[in-house]
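J.: Sharing a structure with you now.
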Amino acid sequence: MTRPFAMAGAIAGAELRLMLRSRLALVGVATLLLLSGIAAVTSAVQTASASATRAAAQAATDAQFQTQPDRHPHRMVHYGTYALRPVGPLAAFDSGVDAFTGTVLFLEGHRQNSATFGAARESSDLVRFGQLTPAFVLQTLAPLLLVFLGFAAVARERERGSLRALRSHGATAAGILAGKVLALGAVALLAMAPALVALLWSALRHPGEGGIAALIALAYAAYLLVWVIGITAVSALARTAQGALVALIAAWAIITVLVPRAAAGWAGVADPLPTRVDTEFAIAADLRRLGDSHNPDDKYFAAFKARILDRYGVTSTDDLPVNYRGLVAAEGERLTSELFANYAARADAIQRGQSARLQALGVISPALAVRQASMVGAATDLGTHLAFMNRAEAYRYDLIQRLNALQANQVSSADDGARSRDPLADQRTRISADFWKTMPQFHLAAPAPATRATAMLPALGLLGLWLAISALLLALARRTLDRTAE
Amino acid sequence: MTDLKREAWLLGRSRAALAALLLLFLCAAAGVGLGLATVARDTAAIDRMLAGQRTEDAALAGFVRDAGYGAYYGFQPTWDAPSDLAFAALGSRDIAPALLRVRALALEGQIYENEAANPELALPGRFDLAFVVVYLAPLVLIALLHDLWSGEREAGRLHALEATPSARRRIWAPRVAVRVGGVLVALLLPFAIGAAVAGTDPQRALAFAGLIALVCLFWTAVALLVARRGRTSAVNAASLAAIWFALTLVAPAAANLAINAAVAMPDGAALARENREDVHAGWDRPREATMQQFLALYPQHAAGSALPPTFHWKWYFAFQHLGDLHVAETSDAYRSGIARRAELARTTGWLLPPAGLAQAMAALAGTDVAAQLAYQQRIRAYHTRLREFYYDYLFSEKPFGAADLARVPHFDPAGSM
């Protein structure tokens, strides 16, 4: 029983010695390690600085809000505040969509703004060639290195006729293939090392992320193992080393470059998202149907007024114990925000549908599957961004309604009605700055590691499927190898 | 001619070569198709906006009472129409908005808005003809040319072939011509159809075709240089793939890192906050001081600048504009930072021909960063016209009603600045 293992080990050792003697292999591995190191360091530095900048900006906007002078509450509704998307805890390893989403969101009354100031729009066109992060190195660069190092592993033996010699020394097809897989797997492990160190470093800075970091590492290990097994199998199946190389480079280009782009293009055209202006128009049209607080004769607000008067048992808004303008403002905000939420939910569903299409195409490209697993794990995926947008909108609504409540309860109705004509009444509508300090602050934590781990499951399942496919391919290679030896 | 025919026949007998060319053709066709679909979607979005705007204008006409209402509630559409070549190189049109509605309020709070888009679709980059040309065509060229000599040597025919009189003219040149020609046809045929559908200006189409040919020429030269060195086919293929990989994927990504590190950008969040602070402080600043500052810029409105003791729109719009001026320098620095990065990237393009040619394609199609910045400048110029239109009404106290809404200046997409 030990003999096949010993044989596989010996073959793996011989293969690794051969790589050590090959200048091309050494240069390739050294280049990858260097790139990986550069990617890890620059990504860590950039992420740390982005994280600090955004935290500082959030603190600054919170401080500015709290130190505003005495004001009419509605002025604070328009003054608004900013929500900044925190950097994902493992973003130094995989920055995901971070560059392609805005990071700063202005929150104000009556309006829903988009997130602005994303890194991609602040960069040259070169950003579209890819961002050098540890995740990019593992997803795209490492497989090609493995192709270069492994394409000839079995094909070379056959071309030189040394396969027969190996067989006569008692090596089985399984033993030979296992040896080659072991050798290439060792290189893959080496290639992963800097990225893994980067991941470990991120996890150390964020205790509690250890488990999810391990899961991400596992996903990449599975992904690279798919490549290692696939490359060995193709090398055994191809008639010549050259044929194996060309086929493997084509497979690499299709899997890591072509399919992800084509899939994104397809998803965008197949399931288009309404533009911002489309949504603005639709919301405006809905509002005109629902009720227009500008219009004194509006039916909806007339009914609203009747309801309020009824509730307080009075006949005129002047007799209300609260400021009716504040109530109208709150009701208007409730109506618009409900529409915002509806349209946002629709847009979110379309975006999630688009991303689900991408994910489904992980069936034809493990690169898509591992990218998804990695982004979800690092909390830098679409879902995390949408969670930020929705959380910020909920915060915005709560803040604006608190301010509207201040207008209803702290500003006298008579003064509020006269403020545009009477400067003294205007002065009296300004309420104490202390109220601003009682407003909650925006805070967002990344989704819990357990939640992210669950969200990674479909992608991990696809990687498992790919492991099975590559294992089948290897079994096929073994049979072919057995047959040719007879 | 017979030499070409023979080589074409030989190429036709290689199933792998035909498959590669067919795949390239299909990808180019798909790229053109997706590009045309994307451009059609953008155009439809612009049309929808212009049609919907009529409803918005009618609604505004229903409650507009004075010029202040028109200026405050009247959002005006601006748009960046895709060029007749945009389908071939979509550039950054997916991450920068092509539609933006602005009003006469401080522009700095409006101009950085983003389009609704799924960032996971932007992450891998666009699938358009430029992508097929820059990324995939070189791989096909490498596959077709890397074993030009080594393949014959490994088959034992090289000596016999080299011994034929004028082998270069009769064998190698036609062989290269047929293979490169196949790649060019696979790329140019879909492009020509796309250009006909999009109604591309012939000269621009020709220039774009020239860029496609340049990409092919560059990679043909690289492939032949490596292939001529006399190594084995596998070593040639590996070396060429490594060169492609370094030039197309790694070096541009590294250059992007270096350029972003070299050119610092003002913090966008701080810029936005600074603008908001100044605009809102306007409510509490002495009103005469605000008007004096404003009149220094617009002395022609001095005569009508007296303020009533209560709120007046002219004061409100005066401090809105001062808020923009307050951050003008930072905003300028922000823009020039992006422009500087784009400029450095263009310089890098001379060292990295694939990146340089991709940039040239986007520039020709008007979809590059420079085009985005130009659109923003058009918005700024239009915003100035819009503001000044309303200043005339506000400061002269001319009545403004529904009929005047028709006089509001419209955005000129062609961009007279």
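Protein chains in written order, with my numbering: chain A, 1 to 486; chain B, 1 to 417.
Using N, Cα and C, we set each Cβ at its ideal position, and we do this for glycine too.
Check whether chain B comes within 9 angstroms of N342(A), counting only Cβ atoms and requiring the distance to be less than that.
T.: Stepping through the first sequence from its first residue, residue 342(A) is reached at position 342. By this cut-off, N342(A) is not an interface position.
J.: Taking the C-alpha atoms as reference points, what is the distance between V181(A) and L196(A)?
T.: Start at 1 with the first residue of the first sequence, and residue 181(A) comes out as number 181. Start at 1 with the first residue of the first sequence, and residue 196(A) comes out as number 196. Those two C-alpha atoms are separated by around 21 angstroms.
J.: What residues from the region 361-379 of chain B come within 7 angstroms of chain A, judged by C-beta to C-beta, listed N to C?
T.: A362, D368, V369
J.: Taking the beta carbon of T347(B) as the centre, do at least 16 other beta carbons fall within 10 Å, making it buried, or is it exposed?
T.: Looking up residue 347(B) in the second sequence gives position 347. Label assigned to T347(B): exposed.
J.: Looking at chain B, which residues of the region 198-227 of chain A have a Cβ within less than 7 angstroms of any of its Cβ atoms?
T.: none
J.: Please compile the residues from chain B whose C-beta is within a distance smaller than 7 angstroms of the C-beta of G265(A).
T.: Taking the first sequence and counting its residues from 1, the one referred to as residue 265(A) is at position 265. Simply L34, R126, F127.
J.: Write down the C-beta distance between S49(A) and P134(A) rounded to the nearest angstrom, noting that I regard them as a contact closer than 8 angstroms.
T.: The sequence position of residue 49(A) within the first sequence is 49, counting from 1. The sequence position of residue 134(A) within the first sequence is 134, counting from 1. With a Cβ gap of about 17 angstroms, S49(A) and P134(A) do not count as contacting.
J.: In angstroms with no decimal places, state the Cα-to-Cα distance between C27(B) and Y135(B).
T.: In the second sequence, residue 27(B) corresponds to position 27, counting from 1. In the second sequence, residue 135(B) corresponds to position 135, counting from 1. In a straight line, the C-alpha of C27(B) is about 11 angstroms away from that of Y135(B).
J.: For M1(A), I'd like the list of residues in its chain whose CB is within less than 6 angstroms of its CB, leaving aside the five on either flank, ordered along the chain.
T.: In the first sequence, the residue the question calls residue 1(A) occupies position 1. Residue confidence for M1(A) is low, a pLDDT of 46 falling below 50, so the modelled location carries little weight and cannot support an answer.
J.: Can at least three beta-carbon pairs, one atom from the region 305-315 of chain A and one from the region 266-274 of chain A, be found at a separation below 8 angstroms?
T.: Too few Cβ pairs lie closer than 8 angstroms, so no.
J.: Can you tell me where the beta strand (DSSP E) with N113(A) in it begins and where it stops?
T.: Translated into positions along the first sequence, residue 113(A) becomes position 113. Bounds of the beta strand (DSSP E) holding N113(A) are 111-116.
J.: Excluding the five sequence neighbours on either side, which residues of its own chain have a C-beta within less than 6 angstroms of the C-beta of V446(B), listed in chain order?
T.: Only positions 1 to 417 of chain B appear in this structure, which leaves residue 446(B) out of reach.
J.: With three or more C-beta pairs closer than 8 angstroms as the rule, is the region 397-408 of chain B touching the region 64-73 of chain B?
T.: yes
J.: Closer than 8 angstroms, Cβ to any Cβ of chain A: which residues of the region 298-322 of chain B, in chain order?
T.: P309, T310, F311
J.: At the level of alpha carbons, what is the spacing between R341(B) and Y82(A)?
T.: What you label residue 341(B) is simply residue 341 of the second sequence in a count that begins at 1. What you label residue 82(A) is simply residue 82 of the first sequence in a count that begins at 1. Cα to Cα, the separation comes out at about 27 angstroms.
J.: Which residues does DSSP pair with Q76(B) in a beta bridge?
T.: Locating residue 76(B) in the second sequence gives position 76, counting from the first residue. According to DSSP, which records beta bridges pairwise, Q76(B) is partnered with V102(B).
J.: Taking the C-alpha atoms as reference points, what is the distance between G80(A) and A381(B)?
T.: Residue numbering aside, residue 80(A) sits at position 80 when the first sequence is read from its first letter. Residue numbering aside, residue 381(B) sits at position 381 when the second sequence is read from its first letter. Approximately 27 angstroms, taken between the alpha carbons.
J.: Looking at the unbroken beta strand (DSSP E) that takes in T81(A), where does it start and where does it end?
T.: What you label residue 81(A) is simply residue 81 of the first sequence in a count that begins at 1. 81-84 is the span of the beta strand (DSSP E), which, as asked, contains T81(A).
J.: Does DSSP put V104(A) in a helix, in a strand, or in coil?
T.: By one-based count along the first sequence, residue 104(A) stands at place 104. If DSSP states are grouped into helix, strand and coil, V104(A) belongs with the strands.
J.: Which residue's Cα is closest to the Cα of D398(A): L382(A), H110(A), A477(A), T429(A)?
T.: On the first sequence, position 398 is the one that residue 398(A) refers to. Taking only the C-alpha atoms, the option nearest D398(A) is H110(A).
J.: Would you mind sorting V27(A) into buried or exposed? The rule is 16 or more other CB atoms within 10 Å of its CB.
T.: Taking the first residue of the first sequence as position 1, residue 27(A) is located at position 27. Exposed, by the Cβ-count rule.
J.: Does the region 267-284 of chain B come close enough to the region 319-326 of chain B to have 3 or more Cβ pairs within less than 8 angstroms?
T.: yes
J.: Taking Cβ-Cβ distances shorter than 9 angstroms, what residues in chain A pair up with Q359(B)?
T.: Within the second sequence, the letter at position 359 stands for residue 359(B). Neighbours of Q359(B) on chain A, chain order: S124, D125, L126.
J.: Following the continuous alpha helix (DSSP H) through F395(B), name the residue where it begins and the one where it ends.
T.: The residue given as residue 395(B) occupies position 395 in the second sequence. Per DSSP, F395(B) belongs to the alpha helix (DSSP H) from 369-396.
J.: Going by the CB atoms, is the gap between L249(B) and G130(A) shorter than 9 angstroms?
T.: For the purposes of this step, residue 130(A) is taken as residue 130 along the first sequence, with counting starting at 1. For the purposes of this step, residue 249(B) is taken as residue 249 along the second sequence, with counting starting at 1. Closer than 9 angstroms, so yes.
J.: Excluding the 5 residues preceding and the 5 following I216(A) in the sequence, name in chain order all residues of the same chain whose CB lies nearer than 6 angstroms to its CB.
T.: Along the first sequence, one-based indexing puts residue 216(A) at 216. Beyond the five residues adjoining it in sequence on each side, I216(A) comes within less than 6 angstroms, by CB distance, of S374, G377 in the same chain, given in chain order.
J.: Three-state secondary structure (DSSP) at I111(B)?
T.: The residue you call residue 111(B) lines up with position 111 of the second sequence. Of the three classes helix, strand and coil, the one that applies to I111(B) here is coil, per DSSP.
J.: Roughly how many angstroms lie between the CA atoms of R229(B) and A238(B), to the nearest whole one?
T.: Residue 229(B) sits at position 229 when you count from the first residue of the second sequence. Residue 238(B) sits at position 238 when you count from the first residue of the second sequence. Answer to the nearest angstrom: the Cα atoms are 13 angstroms apart.
J.: Hey, could you find the ends of the alpha helix (DSSP H) S374(A) is sitting in?
T.: Position 374 of the first sequence, counted from the start, is the residue given in the question as residue 374(A). Start and end: 366-378.
J.: According to DSSP, which residues form a beta bridge with I338(B)?
T.: Mapped onto the second sequence, residue 338(B) falls at position 338. When beta bridges are read from the DSSP output, I338(B) appears opposite no residue.
J.: For R168(B), which residues in chain A fall below 8 angstroms Cβ to Cβ?
T.: The residue you call residue 168(B) lines up with position 168 of the second sequence. Neighbours of R168(B) on chain A: none; closest Cβ ~24 angstroms, over 8 angstroms.
J.: For R170(B), does the three-state DSSP call read helix, strand or coil?
T.: Here residue 170(B) corresponds to residue number 170 of the second sequence, with the count starting at 1. Residue state, collapsed to three classes: helix.
J.: With burial defined as no fewer than 16 other Cβ atoms inside 10 Å of the residue's Cβ, what is the status of R452(A): buried or exposed?
T.: Your numbering for residue 452(A) matches position 452 in the first sequence. Classification for R452(A): buried.
J.: Taking CB distances under 9 angstroms as the criterion, tell me whether I249(A) reaches chain B.
T.: Along the first sequence, read from residue 1 onward, the residue named residue 249(A) stands at position 249. Between I249(A) and chain B, the shortest Cβ-Cβ separation is below 9 angstroms.
J.: Over the uninterrupted alpha helix (DSSP H) stretch that includes Q203(B), give me the two end residues.
T.: Sequence index remark: in the second sequence, residue 203(B) carries index 203 (1-based). It spans 202-228 - the alpha helix (DSSP H) in which Q203(B) sits, taken as one unbroken run.
J.: I want to see whether chain B comes within less than 9 angstroms of R276(A), judged by CB atoms only; does it?
T.: What you label residue 276(A) is simply residue 276 of the first sequence in a count that begins at 1. Yes, contact with chain B.
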